[in-house]
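All the letters of the sequence shown, read from the start, carry residue numbers 91 to 415 under the numbering used here.
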Amino acid sequence: MDQLINLLAHGEEVIDVDEESFLLFAQDIASNNLGMLNPRAPTVEISINGNEYIIHQSPSLLSSHRAGGTTGAVLWKITPLFAEWVTNPSNPLWANALLSQTSTVVELGTGISALVALVLAPSVRHYIATDQEYVRKLFRTNLDANASISVSFSNSNNKAKGKSKGSKSSKSKSTSSPAKSVNNISFTTLDWETDQAASLKECMDPDDAHGQDGEEEGDEDKGFDLLLSCDCIYNEALVAPFVRTCAEICRLRPTYVAGSEEQSSRRKPTVCIIAQQQRSPDVFETWLRETMREFRVWRLSDDVLGEGLKSGSGYLIHLLLAKDK
């Protein structure tokens with residue numbers, strides 16, 4: 091499992107909750123306010139890797155009193171930064187072949203924007219986005235509105251930024267089919283408190299659900315190569331079900347056991363990437379304490395994260411690997 095070992099070399103393992111929280115929150119942190127990009131606009135334009143995306147939002151839904159929350163009704167600032175980072179070819183997930191064209195990815199709390207799915211899906215086998223049912227309609231609207239965009243890694247060094255309506259973006263070379271950017275994206279509801287993670291692949295095409303690893307080992311692969319979540323940690327009451335869902339999804343694959351001689355012959359463990367905005371140290375500590383019961387945790391280095399997500403940016407990226415039960 092040299093690929094995974096190489097990936098972990100790009101981070102520092104977190105051993106102590108209090109020490110990690112002090113290290114992160116004692117430094118000067120850029121102010122990102124609540125973290126919403128432009129919550130009053132019905133549409134926003136985002137440029138990522140030389141491609142421009144039109145994202146439809148629902149300001150009225152955001153300000154409503156819908157039971158179960160409405161934070162997914164608009165685009166949050168961290169999402170374009172994360173989308174650009176995760177699709178950069180220098181990202182160690184790609185450089186170490188832990189992400190490839192045969193990968194399956196699942197996202198928790200995708201929100202209405204579909205932005206990470208739109209940017210990442212053309213480069214993987216299948217992408218499953220999950221959230222509450224109220225997200226579905228606008229999620230599909232945003233997939234359809236951006237279906238003609240062909241995504242390429244060739245311009246991945248461009249900065250991701252919000253742009254006013256009417257601005258123009260540079261053209262990029264196309265290496266992916268526009269149709270694939272929509273056709274290999276599935277949306278399904280997933281309630282962290284009541285739903286079973288094991289059923290996620292039921293919304294995929296059977297051939298995709300088996301995947302390359304399943305064909306090699308002769309059994310069905312119910313798991314995923316990458317689990318990601320972007321800015322879903324802001325409410326202490328949701329921390330425990332969120333972490334439990336992450337652990338259930340990651341344990342659909344064998345877990346990572348350091349130094350195991352058997353690891354190389356087993357399916358690769360699911361890599362979990364959690365991106366979040368720095369807000370409340372209390373909420374962060376609650377999340378990290380709960381997470382470290384189920385996962386080993388690494389904080390990725392500034393060299394890997396780049397300017398937009400590095401220390402002091404107001405954003406945090408942690409890599410998780412489920413512990414063996």
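Glycine included, each C-beta is placed from N, C-alpha and C at the ideal position.
Residue 380: buried (16+ other C-beta within 10 angstroms of its C-beta) or exposed?
buried
So, helix, strand or coil for residue 248, using DSSP? The predicted position of residue 248 is uncertain, since its pLDDT is 39 and thus under 50; a value taken from the coordinates is nonetheless stated next. Here residue 248 sits in coil by DSSP.
Is residue 339 helix, strand or coil when you go by DSSP? helix
Problem set entry | Cα-Cα separation between residue 97 and residue 224, rounded to whole angstroms | 36 angstroms
Count the other C-beta atoms from every protein chain shown that fall within 10 angstroms of the C-beta of residue 106, then say buried if there are 16 or more, exposed otherwise. exposed
### Query
Among 326, 318, 327 and 109, which residue has its Cα nearest to the Cα of residue 337?
318
Between residue 313 and residue 360, which are expected to be in contact by the criterion C-beta below 8 angstroms, what is the C-beta distance as a whole number of angstroms?
5 angstroms
Original post:
Which class does residue 346 belong to by DSSP, given the choice of helix, strand or coil?
Top reply: coil
Given a cut-off of 7 angstroms on the beta-carbon distance, is the pair residue 290 and residue 196 in contact? yes
Which residue comes first and which comes last in the beta strand (DSSP E) that contains residue 133? 133 to 138
*Considering only the beta carbon of each residue, do residue 200 and residue 215 sit closer than 7 angstroms?*
no
Practice item. Would you list the one or two residues that DSSP bridges to residue 166? Key: 126
Measure the alpha-carbon distance for residue 198 versus residue 366 and round it to whole angstroms.
-> 13 angstroms
- Item | Alpha carbon of residue 400 to alpha carbon of residue 168, nearest angstrom | 12 angstroms
Assign residue 125 to buried or exposed, taking buried as 16 or more other Cβ atoms, counted over all protein chains shown, within 10 Å of its Cβ.
-> buried
Inset, instruction - May I ask you to report which of helix, strand or coil DSSP gives residue 108? - result: helix
| request: Would you mind sorting residue 173 into buried or exposed? The rule is 16 or more other CB atoms within 10 Å of its CB. | output: buried
field: Span of the beta strand (DSSP E) around residue 194
entry: 194 to 198
**Prompt:** Based on the DSSP output, what are the partners of residue 141 in its beta bridges?
**Reply:** 138
Going by the CB atoms, is the gap between residue 383 and residue 408 shorter than 7 angstroms?
-> no
- Query: Helix, strand or coil for residue 268 per DSSP?
  - Reply: For residue 268, the predicted model reports a pLDDT of 48, less than 50, meaning its position is unreliable and no value from the coordinates is stated.
Determine the burial state of residue 211: buried for a count of at least 16 other Cβ atoms within 10 Å of its Cβ, exposed for fewer. buried
* Distance between residue 206 and residue 327 (C-alpha atoms, nearest Å) -> 26 angstroms
Candidates 387, 132 and 369: closest to residue 402 by CA position: 369
**Asked** Taking just the CA atoms, how far does residue 203 sit from residue 164?
**Response** 7 angstroms
ask   = So which of 374, 347 and 357 has the shortest CA-CA distance to residue 309?
value = 357
Query raised in the report: Of the residues 311, 364 and 316, which one's Cα is nearest the Cα of residue 332?
Result: 364
Let's test the definition: count the other Cβ atoms within 10 Å of the Cβ of residue 170 and tell me whether it reaches 16, buried, or not, exposed. buried
task: Give the range of the alpha helix (DSSP H) segment to which residue 383 is assigned.
output: 371 to 384
### Secondary structure of residue 189, DSSP reduced to three states
coil
Which residue wins for smallest C-alpha separation from residue 275, given the options 128, 285 and 234?
234
### Query
Residues bridged to residue 322 by DSSP?
Answer is none; residue 322 lacks a bridge partner.
### Task
Can you check DSSP and say which residues form a bridge with residue 221?
279
Taking Cβ positions, are residue 404 and residue 120 nearer each other than 7 angstroms? yes
Exercise. Report yes if the C-beta distance between residue 208 and residue 236 is below 7 angstroms; otherwise report no.
Key: yes
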